[in-house]
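To start, the structure under review is shown below, and the notes come after it.
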Amino acid sequence: MSDPGADLAHFGGRPAFAEPVHVGRPNIGDRRALQARLDDILDRRWLTNAGRYVREFEDRLARLLGVSHCIATCNGTVALELVTRALGLEGEVILPSFTFVATAHALQWQQITPVFCDVDPTTHNLDPKRVEEMITPRTTGIIGVHVWGRPCDTDALSEIAHRRGLRLLFDAAHALGCSSGGTPVGGFGEAEVFSFHATKIVNAFEGGAVATNDEELAGELRLMKNFGFSGYDDVTYIGTNGKMNEASAAMGVTSLESFEHFRAVNLGHYEHYRDRLGGIDGVDVVEHPTGGADQANYHYVVLELDESRLGISRDMVMELLRAENILARRYFYPGCHRMEPYRSLFPHAGLLVPETEQLVRRVLCLPTGESLSETDIDRICDRVSTIAANGSAIAARLAS
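Under our numbering, the first residue of the sequence shown carries the number 322, and numbering increases by one thereafter.
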């Protein structure tokens, strides 16, 4: 009888890759164009404070997102903090636990209580019915998160927010270039916050932005991100330093120029993964739209692994892949409600988010992006297929 999984690196086989293959390895774009912009910045000696490239980046973003105003910031977390403060949020704000912890921290940092709400197990986004159940007299707002770039149920959340007198904003860190019902993500709610961290489809080395159609809100945000300066030496508002610098903006502009290329590469990788892994019992590839009015950026290749069908846990699969130098990741484990300070503040929060509790044990993200080839995708799929085909036997071997 053959030894199941004998060729896997964990059991002494040759790793699939000589060097680690990461989830979220940065897209670079046109290096020459970037270098020319960096040289221009140095020649101008204008390194920050709303220079040429920050203004260009904001203008290009506003056009892409179909909004009136786009305010670039030093990162997405600061963008969340600024817009949360500008909207006057206090007391309690409802958000998913199935998100990057920065969404919760942006509230807690300002002494606003994050109230963790469960998600729809199919969409992985906030469940509007559960949102309604979580509203209390102390609730002032809702933050929806477009997980994997798949838009929230914006209509339902907007109806709830309007009827209950709550502020509504969206964390769109994953969703640049995505749309819902033909409407680009960017103009939903009172504002949407984007991230241009190195791991995103478009990066600015590090950066963020707030998109909005509210002129008054945009004006407040521009004051807030620059110490409250409304003129050369005229401070008219309490502010902080949330500005994006020129080098980051130059990278952002360069990345935006290659956005459709990045999207096309991601789409090819997503379809290849889906074709190779979609038919495996116990492996469900999270779906993105590939035609029609709705657009995606395909930047996240996400598997849901069902241990009862595979015979092996998600964490064991991740351990085996990491031995192959395939650094798959278990987003957003273990859920914000199980991270500090929230697990101490709300020790029983898990009882209120049963779908999240299950989801964080099933999800596994695989590498994609312009640094990978179709051959690389095949090698990753070969290892996943081998593990899936011998799940129970490999799990028993690992246990022993």
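Backbone N, C-alpha and C define an ideal beta-carbon position, used for all residues, glycine too.
Because the structure is a prediction, the values reported are computed rather than measured.
Taking the C-beta atoms as reference points, Asn-396 is found no nearer than 8 Å to Ser-576. Taking one beta carbon from each stretch, the region 573–587 and the region 372–383 have 3 or more pairs nearer than 8 Å; the two touch. Setting aside the 5 residues that flank it on each side, Gly-465 is surrounded in the same chain by Leu-447, Cys-473, Leu-478, Phe-491, each with a C-beta closer than 6 Å to its C-beta; the list follows chain order.
The C-beta separation of Ile-647 from Phe-338 comes to about 7 Å, placing the pair in contact by the 8 Å criterion. Beta-bridge analysis with DSSP links Leu-648 to His-343. Take Asp-351, set aside five residues on each side of it, and the residues of its chain with a beta-carbon closer than 8 Å to its own are Thr-575, Glu-578, Ser-579, in chain order. DSSP places Asp-492 in the strand class (E or B) of the three-state scheme.
Uninterrupted beta strand (DSSP E) stretches at least 3 residues long and entirely within the region 582–655 occur at 604–606, 622–626, given in chain order. Remark: C-beta atoms of Thr-405 and Gln-431 approach each other more closely than 8 Å. Within 10 angstroms of the beta-carbon of Thr-677 lie 16 or more other beta-carbons, which makes it buried. In this model, Tyr-652 and Pro-442 are separated by some 14 Å (Cα to Cα). CA-to-CA, the gap between Val-440 and Ala-425 works out to about 15 Å. For the pair Thr-520 and His-483, the Cα-to-Cα distance works out to about 34 Å.
Secondary structure at Ala-371: coil, using DSSP grouped into helix, strand and coil.
Bridge pairing for Val-404: absent [DSSP]. Secondary-structure assignment with DSSP links Pro-417 through a beta bridge to Cys-438. Excluding the 5 residues flanking it on each side, Gly-412 has same chain C-beta neighbours closer than 8 Å at Ile-433, Thr-434, Arg-459, Thr-460, Thr-461, in chain order. Segment contact: the region 606–618 against the region 662–676, fewer than three CB-CB distances shorter than 8 Å; contact not assigned. A direct Cα-to-Cα measurement between Arg-335 and Ser-418 gives close to 38 Å.
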